Each structure stands twice: as structure tokens, then as C-alpha cells.
Amino acid sequence: MNEELLSSILFVLITWLLYVIIQYIRTYTYWKKRGVPQITPIPFFGNTFSVTCGEEPLYHFHYKNYFKFKDHPFGGYYDFGRPVLLVRDPELINHILTKDFAYFQDRGFPYDEEKEPLTANLFNMGGPRWKNIRTKITPCFTTGKRKLMFEMLKNCMDDLKNIVRSNLRNDEDVEFKDILARFSTDIITESAFGIKAHTLKNPEAEFRQMGRSLIQPNSRIRPIFLQICPKLMQYFGVRFLSQEMNDFFQGFVKEAVEFRKTNHVNRNDFLNSMVQLMENQTKEESGRDITYASIAAECWFFFFAGFEASSSALSMTLYELARNPEIQRKVREEVDRVVEKYDGEITYDALQEMTYMEMVIYGNPTFNLNVISFSLLVTLSFCFTETIRLYPSLPFLIRSCTKTYKIPNSDTYIDKGVSVVIPVVGLHRDPVYYTDPEVYNPENFSEEVKNSRHHCTFLPFGEGPRICIASRFGMMQIKTGLATLIRNFEFTPSSKMITPLQLIPRLILTNCGSGVWLKCSERSFN
Ligand code: HEM
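Numbered according to numbering that gives the first Met the number 0, the sequence shown spans residues 0 to 525.
Next comes the structure, spelled out in C-alpha cells:
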């Protein structure tokens, strides 16, 4: 190789290296330059290497980062090359989620309404389109609608009882995460879409297969690469969801709607409400707001949240009750007391008199589970609330800044396009807000203790205009399952349960991958 060529190559290499160094400095000093403390990044990956390569579940990542900025109201880190602001201070969180929502309306998640219609759901959407759809869908979850949906859940309760009972016959410890994912799938498909998925009876039923596929490694890696290099991934035809998933949901919505139209079926479910919304649109709105494709997108997300978030919270509650026999005893006492009090004598008027009542459940008469009033199950509520404190289904909240924002009482600005992350799991386990935060203690939610904390230190369903649209529906699912199980079975820890919990990496939701194993015995009512 002649000398001239060698020096040209060397020149190109050095120039490239210099460019990389300058880019590195420019990218990774973004927060420093603004006087915001930052976590030291590594080139290219920023601070998210451990999450991307599947070493660290998002739950641990956000917990760890929260405590890295101890004594600071906020701090910065980098998601690859993108600056992210982590917010710890409850009052600033309140500004971002509620008071100054106009600056933080979006989550900034990518979606493609044309190529991948299922991704254009309420969770991913932003701006005026989100606002319009949210306003239209909100009435689908009123108390009245929930009551009607609840009527459809009774069979699922019996199926749950029977499936647990059949597992006991084998005299082995029982894995509850899968059973409860199937229970939640049956509830959401029945009450939201009017479909009996029968996944409790048949673990290989189509809806369960779809649900399971969503947490497979392949499905979890795709969103990460789509986030890092969207253009390249789109070029190679990589999608957020599999084609099979897209076809399944588009197909089932079209079929279900057409069947209802042809056979004049009118059900009190979410699908029906959405179809009514579509049909009642004005001419100008028609085809733009609510279409078959957008109904399928919402159904898909409701399906995902309905089985995954709810079953995760439900199985973790059982796990904690098994580890805390005294709390389990108290919950059971409460369930028994209420069930016996309303032994088959409930009328609509009686329901109105029960101050906190949200829901009434008629169970299997053999076990005298005639009626359960959920809001009266105070201990039950505390337990569930305490579970989602320790294991929030979504361990962080995210917003994208849509116009430059000055942080109140500081000189710091958040630029348009910067992501803001609220590490919910950190707040929920901060000893400043919760005494002995690692201990499962339902008393954390007694009125007195609860009122002594800032409301933004407990955010399992988010907060502000983008709060979970179906939080009460989710609670109803969970309480239904919990009351059924606690009334009929007793739970103790199993040696098969792996602790500390092995959470699934690269999954946005908190999910115990190694399962929730418990010893279980049936109660005798003689
Ligand atoms: C225990 C169960 C559940 C938990 C813990 C949960 C939690 C959450 C959280 C934390 C958010 C984000 C809120 C924010 O960013 O401020 C959210 C959003 C959402 N959830 Fe849930 N959720 C649950 C059940 C459900 C169910 C059953 C459905 C549907 C049937 C559902 C539908 C949604 C939707 C559509 C959004 C997006 C709302 C928007 O951006 O306007 N969730 N949920």
C-alpha cells in the first residue's frame, strides 16, 4: 500500500473518530449543560443497555434510577441517544400529569394507523386524535355499564373455582399466574366483546394463544428496535405486532359486528358501545374517528391490559396473602361476613343503601357465595391496593413534552420532544412516603396514613387526563377473582415459588415470569 493511500485512510479514520467523539459529547452532555444531574451514559446505548439486552426488567431499572437521584427533584438519563428527564418530586409530577397537561399530552410511542392499525390505540395515540377518541370511549366505562358487564362474569367465577379444584385433585402445588391470566382473558373477552373464549377450560384456546404470544421474547424485542431505529425497521418490514395478531383482531371484530347486525343481537358490552359510537358519528366524522380498524385497535389494547395487568396484580395479591397468613385470615373474615350478610336477599334497593358498593356478585350456592359487595370489602381493597404499591403493573409513566416547558421554581426548561419518565415503582418503595416500604402492609392505605401523603406518591393507574380509562373495571376483575378464591380456598407458600421474583425482561408490564406457585387447599363449609 503506498504512503499516500495509507495517509488518506488514516485521515478518514481520524476524522470519523473525531466526529464520533464530538457527537458523543454533544449527545451525552445534554443534561449537564442544563445543570441537571445525570447518570453517566455509555456510548451508543446511553443508560438503557441493561434493559435492551434483557439483563434488567423495567421494574428494576426504574427503581434503581429513582434512588440514583436521591435528594433531587429530577435528573436526566439517556435512552440510547435520546435525553430523558426522570421526575421524582410529587408536586412536579402533579404539574406534569395534571396541572400542566397541555405540555405533556402524549406518551410519544410510535404507531402507524395505516400499516399497523392495531397500534393506533388510545394508549399510543396523542394530540387531538387521542382527545377525541378518549372523550368518546369514556362513557363505555360508567358505573351503569360496569354493572351490566359484571352480570356476564358469573360463569367465569364458577369456572375459576372448578379449575382450581381440578388442580387440587393432583395434590400438587398450583401455578396461579397462568390460571389467573386465563380467568382475566375470559372476563375481558366476555364482558368487553361478548365472546366466550373458554380459556380456563381450554388453555390452548385461540385468545389464550394470542395472549401468550404477546409476552414471547420475539414480541418483546420488536418494540425496542422499532423505538431505536424506526426507519430501518420499517424498511425491513418489522412490525410492532405479528401479522397473525393483526389479522386475528381485525377479523374477529368485523365478524362479531356483522353477526350482531345480521342477527339483531344487542349486548351490554364494550363492543356494542363502540359500534353505536361508530354508527352515530356525523357525516363529517364518519370514517375518520371510529372505524372498524380503530374498534379493533381498542379491542386489542383492552384485551392486552385486561388480561395482563389485571392477572398480574391478582396473582401477586394471592402470593402476598399466602406469605402473610394473618392478613389472609382478616381478608377471609371480611369476605365471609359480607357474603353471609347478603345471603341471597339482595335487591336493587338494598344495593343503593350500601354506601360504597360498586358491584354485587352472585356465586355458587353450594358455597353460600351468594353476594359479595366489593366496596364493603374494605380489607380486600386495602390488600389489593397494597399489592399494586409493591408491584405496580406499569412500573413507570411516560409523557413526551409537546412544547417547551419551564419547570416551576427552577431555571430548567424541558425541550419539545424530550421524554419525561415518572418511576412509579421508586415512589411506591420510597421510605420517605412509606414506613418499611418493602413490607406488605395493607395499613399503608388506612384513611389516616393515606391522607398524610401527597397523592402523586401512589400512581398505579397513572394520573390526570391520561389516567387508566378502565381502572374501576380492572379493580372489578381483580376483586371478583380474589373474593372467589379467598372464599373457597386457603393459600400457603410453596417451595416451588422462586424468590426474589423473576420478572420478565423487556416487557413493559410487571410480570412474574417464573410463575406464582402456591399450596392451596379447599375450605370446608360444614
Ligand atoms: C389492574 C389493572 C390495570 C392497571 C394497574 C392499569 C394501569 C394503567 C396505567 C398505569 C396506565 C397509564 C396511565 C398514565 O399514563 O397516566 C393505563 C392506561 C390505560 N389503561 Fe389501564 N390498567 C389496568 C387495567 C386496564 C384494563 C382492564 C383496561 C381496558 C379494559 C385498561 C385500559 C387502559 C387504557 C385504554 C389506557 C390508556 C389511557 C389513555 O392514554 O387515555 N387498563 N393503565
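Using N, Cα and C, we set each Cβ at its ideal position, and we do this for glycine too. The structure displayed is predicted, hence computed values, not measured ones.
**Request:** Look up W516 in the DSSP assignment and give the residues it is bridged to.
**Result:** E174
**Message:** Helix, strand or coil for E325? Go by DSSP, reduced to three states.
**Reply:** helix
**Request:** Classify Y27 as helix, strand or coil using the three-state DSSP reduction.
**Result:** helix
**Request:** Measure the alpha-carbon distance for T411 versus V35 and round it to whole angstroms.
**Result:** 8 Å
**Message:** According to DSSP, simplified to helix, strand and coil, what is R465?
**Reply:** helix
**Item:** Y439 versus E319 - alpha carbon distance
**Value:** 7 Å
**Item:** Distance CB(T527)-CB(M156) smaller than 8 Å
**Value:** Outside the shown range of the chain, which is 0 to 525, sits residue 527, and nothing can be said about it.
**Prompt:** Per DSSP, what kind of secondary structure is V83 in: helix, strand or coil?
**Reply:** strand
**3-residue-minimum beta strand (DSSP E) runs that sit fully inside the segment 35-88, ordered along the chain** = 73-78, 81-86
**Request:** Below 6 Å CB to CB, which residues in the same chain sit around G210 once its five sequence neighbours on both sides are set aside?
**Result:** T184, F306
**Request:** State yes or no: is the C-beta of A191 nearer than 7 Å to some heavy atom of ligand 1?
**Result:** yes
**Request:** Since I believe T386 is in contact with L426 (beta carbons under 8 Å), could you give me their beta-carbon distance rounded to a whole number of angstroms?
**Result:** So it is not a contact: roughly 16 Å between Cβ atoms.
**P40 versus N46 - alpha carbon distance** = 5 Å
**Alpha carbon of F73 to alpha carbon of S272, nearest angstrom** = 42 Å
**Prompt:** Contact between the segment 510-518 and the segment 185-203: three or more CB pairs below 8 Å?
**Reply:** no
**Message:** Taking 7 Å as the limit between beta carbons, can you name the residues of its chain near F175, skipping five residues before and five after?
**Reply:** S314, L317, V515, L517
**Asked** How about F182 and S392: are their beta carbons less than 8 Å apart?
**Response** no
**Message:** Since Y65 and P422 should fall inside the 8 Å C-beta cutoff, what is the C-beta to C-beta distance between them, to a whole number of angstroms?
**Reply:** 4 Å
**Item:** Check whether G107 and S418 have beta carbons under 8 Å apart
**Value:** yes
**Message:** Classify E90: buried if its beta carbon has 16 or more other beta carbons within 10 angstroms, exposed otherwise.
**Reply:** exposed
**Asked** Is it true that the CB of F300 sits closer than 8 Å to the CB of N120?
**Response** yes
**Request:** Flag this pair as yes or no: are the beta carbons of Y110 and N123 separated by less than 8 Å?
**Result:** yes
**Asked** At a cut-off of 7 Å, is R471 close to ligand 1 when judged by its beta-carbon and the heavy atoms of the ligand?
**Response** no
**Asked** Excluding sequence positions up to five away, which residues of its chain have a Cβ less than 6 Å from the Cβ of I485?
**Response** V330, R331, V334
**Asked** So I186 packs on L152, CB below 8 Å; how close in whole Å?
**Response** 6 Å
**Prompt:** What do you reckon, is the C-beta of Y122 under 7 Å from a heavy atom of ligand 1?
**Reply:** Residue 122 is actually Phe in this sequence, not Tyr. At least one heavy atom of ligand 1 is nearer than 7 Å to the Cβ of F122, so yes.
**Asked** Starting from I485 and walking both ways along the beta strand (DSSP E), at which residues does that stretch end?
**Response** Run containing I485: none in the beta strand (DSSP E); it sits in the alpha helix (DSSP H), 470-487.
**Item:** Whole-angstrom distance between I294 and F383, CA atom to CA atom
**Value:** 31 Å
**Asked** Buried or exposed: W15, going by 16 or more other Cβ atoms within 10 Å of its Cβ?
**Response** exposed
**Message:** Quick check: does the Cβ of A312 come within less than 7 Å of any heavy atom belonging to ligand 1?
**Reply:** yes
**Prompt:** Among the residues of its own chain, which have a CB less than 7 Å from the CB of G126, if the five just before and after it don't count?
**Reply:** Q104, D105
**Asked** Do you know whose CA, among F524, M475, F149, lies nearest E531's CA?
**Response** In the structure as shown, the chain begins at 0 and stops at 525. Residue 531 is therefore absent and cannot be evaluated.
**Request:** Flag R128 as yes when its Cβ comes closer than 7 Å to any non-hydrogen atom of ligand 1, and as no otherwise.
**Result:** no
**Request:** For the beta strand (DSSP E) holding S241, just list the boundary residues, first then last.
**Result:** Looking at the DSSP string, S241 is not in any beta strand (DSSP E), and its letter there is neither H nor E.
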